[in-house]
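Sequence positions in the sequence shown follow my numbering and run 3 to 232.
From the three backbone atoms N, C-alpha and C, an ideal C-beta is built for every residue, glycine too.
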Amino acid sequence: MTSQAAFILHSRPYKESSALVDFLTPQGRLRAVLRAARGKTGSLARPFVPLELELRGRGELKTVARLESGGVSHWLTGASLFAALYLNELLIRLLPAEDPHPQLFEHYALSLDALACGRPLEPLLRAFEWRLLAELGYGFSLDRDLHSRPVLADSRYRLLPDAGLEPVEQLQPGLFRGRELLAMAGADWQVPGALAAAKRLMRQALAPHLGGRPLVSRELFMNPKEPPRD
């Protein structure tokens, strides 16, 4: 058995005293049974806690052999907590089981650090959504259109999620200005409208992969009653 860094994305009761836990590790999203989940080890089974994890078993559903603290827990409240729950839900919904993404794991850990430090939420969320899409093979260029021509600041574009950005001549709902797209490409959030456009763009890009099912964590932003942490 090999120890690896991990975070818990979600857990739920399983049988009498166990829990069924989804972990994020550099080796991907792993599901395992945590026995005696109400005991000392179970007290670590919370989201946003850096962990050291050992698993045993060869099938898709493994068993936790060892679970220990791997660092300082991230204390998140309010909007930062809702944002972190949103990241977890995206990973559970979109990341295939046992598909290694070590850079995505590192980006997730850094995002939790930034949320705990009170960094502005919107740029963090947009950066994570973009990294997730790219890691899963759904990324697209922000400074070139689907014909590989440079995006022009004064032109308008629409997103074709399976192809990229298509230039359009006539006004229609859901378009993006070229200057907004170029600002996103350079993470220049001082450009007026760039952050709002990035939010719309990421929603359009993620929608086909979410299968029409709404994200529960988005509702928390609309109805911000803080959930219990445990």
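Separation of Gly120 and Leu126 (C-alpha to C-alpha, rounded to the nearest whole angstrom) is 11 Å.
Under a 10 Å Cβ-count criterion, Val153 is classified as buried, with 16 or more other Cβ atoms of the shown protein chains found around its own Cβ. In this structure, DSSP gives Asp24 an extended state, which the three-state scheme calls strand.
Minimum Cα-Cα distance from Leu92 among the listed residues Pro122, Ala118 and Arg128 corresponds to Arg128. Within the DSSP secondary-structure output, Ala34 pairs in a beta bridge with Val23 and Lys64.
In the structure shown, Ala165 falls within a coil segment according to DSSP collapsed to helix, strand and coil. The three-state secondary structure of Arg58, taken from DSSP, is strand. By the Cβ-count criterion, Leu112 is exposed, with fewer than 16 other Cβ atoms from all chains shown falling within 10 Å of its own Cβ.
Residue environment for Val66: buried (at least 16 other C-beta atoms within 10 angstroms of its C-beta). Residue pairing by DSSP places Ile94 in no beta bridge whatsoever.
For the options Arg202, Val51 and Arg37, the alpha carbon positioned closest to that of Met186 is the one of Arg202.
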